[in-house]
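**Student:** Can you read through this structure? Questions will come right after.
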């Protein structure tokens, strides 16, 4: 068995007396589509923030690509290949579509810039960054809209740009935080298709509460309950797990 | 007098001053906690309380003081409510920066009104006769009025606490500061409570003004003198924390008074040192539990939207034309005899550079540096000290100024940029005040006189121009040292603008723009946002230092006023007036501001009032600054059609691609 791309060991986060995440041991295999589900207050968002680096755990470690990233701030995790998308579309709305993607592409390469380049050379004259930008625009179906100001895009295209920005960071793994929250069934399908179209060759971890959606797209599902892992397995295994039925389906679906 | 009674007396004096601070800080803190408004006009409301009482008590005599103590705060409260209704209210939902700007304008207005009604000089405000006598308690005598202040302050503080913790009004206020939308969703008209809160805070400031006015005297500068310590207290105690305001107020009152007596050198410094230490160690302040409501705002920081109507080529042409005119001015001045215009232009150019430096952090990195004059002042001192002690060369002096200021900016940024928003603003203000007070204390900085009579040399190692001896007659025109100075200044300012533009168009600047658009996003595509902000702050500090150095070298002197917080306020005003986030906008803003100030002050006595009113109107109606005016006109339903026919308005300005 190959080494998991993402692994947490005894991951715990306490807020005062509240244990939001309780001793979670999670292993995500390279290339899989994993979903993390659970009822409200199960600790999904806290877990997500521990993985991105927005929060520091009280205890335990996060290992990514065989490296302990527990102490790293968000931007360094991103540079190591752990990308994330936002629940609410979070783009640079005053800049053009191309500039949005270019900034993301530049992030991966700017460490290599000489100081004179970083401070004095025109940002849109770096050939490698521009080529990468163009590839991402093509792949995400935005190549025709590069010069439009992001804020003027239609809602669906904004989601597309959001995903394109993530893709441009060239992540090995993408953390998706309820990417379809607040969407109609049709928008949800379009977004999931888009993720499938653009990010299918990456490892994905989806945080979601929409059970039907999760059942449809995931390879494996991890069910959180009161901060701890309640069950883990394929969609079929999880949906038949009596514990899960009692704790989750019993509460929400019935 | 024994040591014990001397100490006891100092402690009581400290408590008296502390009580005044408690009343001031409580209002300031409640207003901030509930509405996220950083109210710079609080000091002027405080002064207004004192003057109203002065006006009421004077004619009445005898019991007049007590009447005034009730009526004057109510009047100030009503004025506070009017201010909230007419001005502050219009800015809810915008970034707290706009409240700083608005209330800064209000400072100018109220202060000018006070001086035009009651005059510029301080006036005695007698203590009521019944209290104007010493009283012996616990074996030593002390002023009864001072005891009265402590009692009045305690009663009001207790009353405020009860109001906030035990009444429905207080409950709604506290709930509103936690989650304003939630309160609104409960069907409560929170706007009404905002007005009342603002009025209540203003009334508390009014009481503080009265008791301090009678303790010392009433003067138009009394508001200016207390506002900064009051901010320090609010920050020390924890923004929005009433307990913090009380503890902080008493603490600062005591520390200030004891320091004055026992460690005079630290007077004026110790409070700012304490604030900086507390913020670095515990950014939430002593009693603050969260980073304060101010951090959760989603108000938009508005940026200049230049170019909507004017294409970038047009703008470039206008830029060349402006520089061309500036080059010709000395000739025209000589021919027309209006040489004074050159001096005015020099001032404008220096302020334009200062505003440009601020724009890099304010407009691009979204950092509100409330103490930017720190760099301007330190740059001026550094260059004058270099000219006196090291080399008469302006070049050397300016290089030293830039390096020193960049280093200080690095240090301040290192300490403060990880804590964000309001705290960054306060730490920068704290450092600026620390340096402002420090230059009075040392001989090498010339104390309160500053340093003057500096000779400058435009060259290196003896090769160059000595402006005092330089003169080339060219027919009608004499090319003298003053003109050399002017052209040098012009070249440095234009060069700095070009450098700043280059930085903004480079990868470095593109990341700053990304941070401005969405800080979270910039971080989650892999940028170290804190590092970028620090670098921007270093560049900005260096450029501000250059501005200060240029002024000092040009005028041959430096004084503590270079470090006064009013400069920090004015440069923010210029930046927003012109249109932040555009580089050229703030420079235009500086030109308009300095010229308006110059022209108005030579024709009208109440010029501050006029500037204040214009500024308040501007913040409310043209928040994107002067550079947005063409677009605003084009968007106007009636005027717009004319402009639209003539120009393409579709081009949207993005620095990167023009």
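Chains as they are written, first to last, in the numbering used here: chain A, 142 to 395; chain B, 16 to 673.
The C-beta atom is built at its ideal place from N, Cα and C for all residues, glycine as well.
All figures in this text were calculated on a predicted structure; none of them were measured in a lab.
#1: When the Cα of residue 677 of chain B is compared with those of B:135, B:109, B:185, which residue comes out closest?
#2: Looking at the structure shown, is residue 320 of chain A part of a helix, part of a strand, or coil, going by DSSP?
#3: Taking Cβ positions only, does residue 247 of chain A come closer than 8 Å to chain B?
#4: Is there a Cβ from chain A that is less than 8 Å from the Cβ of residue 612 of chain B?
#5: How far does the beta strand (DSSP E) with residue 161 of chain A in it extend, from its first residue to its last?
#6: Excluding the 5 residues preceding and the 5 following residue 270 of chain A in the sequence, name in chain order all residues of the same chain whose CB lies nearer than 7 Å to its CB.
#7: Could you check whether the Cβ of residue 526 of chain B sits closer than 8 Å to any Cβ belonging to chain A?
#8: Tell me whether residue 622 of chain B sits in a helix, a strand or coil according to DSSP, three-state version.
#9: So, does the CB of residue 155 of chain A fall closer than 8 Å to a CB anywhere in chain B?
#10: For a cutoff of 8 Å on Cβ pairs, would you count residue 225 of chain A as touching chain B?
#11: Helix, strand or coil for residue 143 of chain B, going by three-state DSSP, please let me know.
#12: So, are the CB atoms of residue 289 of chain B and residue 441 of chain B less than 8 Å apart?
#13: Taking any Cβ of chain B, which residues in the stretch 263 to 284 of chain A have a Cβ under 9 Å from it, in chain order?
#14: Does the beta-carbon distance from residue 526 of chain B to residue 515 of chain B come in below 8 Å?
#15: In this structure, how does DSSP classify residue 111 of chain B when only helix, strand and coil are distinguished?
#16: Specify the secondary structure class of residue 204 of chain A as computed by DSSP and reduced to three states.
#17: For residue 368 of chain B versus residue 508 of chain B, is the C-beta distance shorter than 8 Å?
#18: Residues of the stretch 228 to 245 of chain A in Cβ contact with chain B at a cutoff of 9 Å, in chain order, please.
#19: Output yes if chain A places a C-beta closer than 8 Å to the C-beta of residue 599 of chain B; else output no.
#20: Is it true that the CB of residue 223 of chain A sits closer than 8 Å to the CB of residue 354 of chain A?
#21: Tell me the rounded alpha-carbon separation between residue 380 of chain B and residue 562 of chain B.
#22: For chain A, find out if any of its Cβ atoms is closer than 8 Å to the Cβ of residue 675 of chain B; answer yes or no.
#23: Taking residue 334 of chain B as part of the beta strand (DSSP E), name the residues at either end of that continuous run.
#24: With distances taken from CA atoms, which of B:485, B:48, B:134 is nearest residue 674 of chain B?
#25: Quick one, are the C-beta atoms of residue 179 of chain A and residue 218 of chain A less than 8 Å apart?
#26: Would residue 371 of chain B and residue 578 of chain B be called neighbours here (beta carbons separated by less than 8 Å)?
#27: Let me know if residue 277 of chain B comes out buried or exposed under the rule of 16 or more other beta-carbons within 10 Å of its beta-carbon.
#28: Please tell me whether residue 447 of chain B and residue 552 of chain B are closer than 8 Å, where the distance is taken between their beta carbons.
#29: Compile a chain-ordered list of the residues in the stretch 511 to 525 of chain B whose CB is closer than 8 Å to at least one CB of chain A.
#30: Output needed for residue 266 of chain A: all residues of its chain with C-beta closer than 8 Å, excluding positions within five of it in sequence on either side, in chain order.
#31: Which runs of the alpha helix (DSSP H) spanning at least 4 residues fall entirely within the stretch 185 to 247 of chain B, listed in chain order?
#32: By a C-beta neighbour count over all protein chains shown, 10 Å radius and 16 as the cutoff for buried, is residue 646 of chain B buried or exposed?
#33: Kindly indicate which three-state DSSP category residue 314 of chain A falls into: helix, strand or coil?
#34: By the three-class DSSP mapping on this structure, what secondary structure does residue 390 of chain B have?
#35: Is the CB-CB distance between residue 227 of chain A and residue 334 of chain A below 8 Å?
#36: For residue 533 of chain B and chain A, any beta-carbon pair shorter than 8 Å?
**Tutor:** Considering the structure as presented:
#1: Residue 677 of chain B lies beyond the stretch modelled for chain B, which goes from 16 to 673, so this question has no answer here.
#2: For the purposes of this step, residue 320 of chain A is taken as the residue at position 179 of the first chain. Residue 320 of chain A: coil per DSSP, three-state reduction.
#3: In the first chain, residue 247 of chain A corresponds to position 106, counting from 1. Interface residue, yes.
#4: Within the second chain, the letter at position 597 stands for residue 612 of chain B. Answer no: the Cβ-Cβ gap between residue 612 of chain B and chain A never drops below 8 Å.
#5: Along the first chain, read from residue 1 onward, the residue named residue 161 of chain A stands at position 20. Start and end: 159 to 169.
#6: One-based indexing of the first chain puts residue 270 of chain A at position 129. Cβ neighbours of residue 270 of chain A beyond the five flanking positions: 243, 246, 247, 250.
#7: The count along the second chain starts at 1 and reaches residue 526 of chain B at position 511. Interface residue, yes.
#8: What you label residue 622 of chain B is simply residue 607 of the second chain in a count that begins at 1. Look at residue 622 of chain B here: in three-state DSSP terms it is helix.
#9: As a first step, residue 155 of chain A is located in the first chain; it is residue number 14 there, counting from the start. So no, residue 155 of chain A is outside the interface.
#10: Here residue 225 of chain A is taken as the residue at index 84 of the first chain, counted from 1. Against chain B, the CB of residue 225 of chain A has a partner CB under 8 Å away; the residue lies at that interface.
#11: Position 128 of the second chain holds residue 143 of chain B. In this structure, DSSP gives residue 143 of chain B a state outside helix and strand, which the three-state scheme calls coil.
#12: Stepping through the second chain from its first residue, residue 289 of chain B is reached at position 274. Stepping through the second chain from its first residue, residue 441 of chain B is reached at position 426. Taking C-beta atoms as the reference points, residue 289 of chain B and residue 441 of chain B fail to come closer than 8 Å.
#13: Within the stretch 263 to 284 of chain A, the qualifying residues are 263, 264, 265, 267, 270.
#14: The sequence position of residue 526 of chain B within the second chain is 511, counting from 1. The sequence position of residue 515 of chain B within the second chain is 500, counting from 1. Not a contact, by the Cβ cut-off of 8 Å.
#15: Along the second chain, read from residue 1 onward, the residue named residue 111 of chain B stands at position 96. Correct three-state label for residue 111 of chain B: coil.
#16: Sequence index remark: in the first chain, residue 204 of chain A carries index 63 (1-based). Residue 204 of chain A falls in the strand class under three-state DSSP.
#17: The residue you call residue 368 of chain B lines up with position 353 of the second chain. The residue you call residue 508 of chain B lines up with position 493 of the second chain. Yes, the Cβ-Cβ distance between residue 368 of chain B and residue 508 of chain B is below 8 Å.
#18: So the list reads 231, 232, 233, 234, 235, 236, 237, 239, 240, 241, 243, 244, 245, given in the order they occur along the chain.
#19: Taking the first residue of the second chain as 1, we reach residue 599 of chain B at position 584. So no, residue 599 of chain B is outside the interface.
#20: Indexing the first chain from 1 puts residue 354 of chain A at position 213. Indexing the first chain from 1 puts residue 223 of chain A at position 82. No.
#21: By one-based count along the second chain, residue 380 of chain B stands at place 365. By one-based count along the second chain, residue 562 of chain B stands at place 547. Cα to Cα, residue 380 of chain B sits roughly 20 Å from residue 562 of chain B.
#22: A query on residue 675 of chain B cannot be resolved here, the shown segment of chain B reaching from 16 to 673 and no further.
#23: Residue mapping note: residue 334 of chain B aligns to position 319 of the second chain, counting from 1. Where residue 334 of chain B is concerned, there is no enclosing beta strand (DSSP E), although the alpha helix (DSSP H) it sits in stretches over 327 to 351.
#24: What is shown of chain B runs 16 to 673, which leaves residue 674 of chain B out entirely.
#25: For this step, residue 179 of chain A is matched to residue 38 along the first chain. For this step, residue 218 of chain A is matched to residue 77 along the first chain. Not in contact: residue 179 of chain A and residue 218 of chain A (Cβ atoms no closer than 8 Å).
#26: Here residue 371 of chain B refers to the residue found at position 356 of the second chain. Here residue 578 of chain B refers to the residue found at position 563 of the second chain. In this structure, residue 578 of chain B does not lie closer than 8 Å to residue 371 of chain B by Cβ.
#27: Within the second chain, the letter at position 262 stands for residue 277 of chain B. Result: exposed.
#28: By 1-based counting over the second chain, the position of residue 447 of chain B is 432. By 1-based counting over the second chain, the position of residue 552 of chain B is 537. No, the pair does not count as a contact, with Cβ atoms beyond the cut-off.
#29: If the cut-off is 8 Å between Cβ atoms, the stretch 511 to 525 of chain B has 517, 518, 520, 521, 522, 523, 524, 525 near chain A.
#30: On the first chain, residue 266 of chain A is found 125 positions in, with the first residue counted as 1. Within the same chain, residue 266 of chain A has no close Cβ partners at all.
#31: DSSP runs (the alpha helix (DSSP H)) wholly in the stretch 185 to 247 of chain B: 195 to 200, 205 to 230.
#32: Residue 646 of chain B sits at position 631 when you count from the first residue of the second chain. The C-beta of residue 646 of chain B has 16 or more other C-beta atoms within 10 Å across all chains shown, which makes the residue buried.
#33: On the first chain, residue 314 of chain A is found 173 positions in, with the first residue counted as 1. The three-state secondary structure of residue 314 of chain A, taken from DSSP, is strand.
#34: Within the second chain, residue 390 of chain B is the residue found at index 375, counting from 1. In the structure shown, residue 390 of chain B falls within a helical segment according to DSSP collapsed to helix, strand and coil.
#35: By one-based count along the first chain, residue 227 of chain A stands at place 86. By one-based count along the first chain, residue 334 of chain A stands at place 193. In this structure, residue 227 of chain A lies away from residue 334 of chain A, with their beta-carbon atoms at least 8 Å apart.
#36: Translated into the one-based positions of the second chain, residue 533 of chain B becomes position 518. Taking Cβ atoms only, chain A reaches closer than 8 Å to residue 533 of chain B, which makes this a yes.
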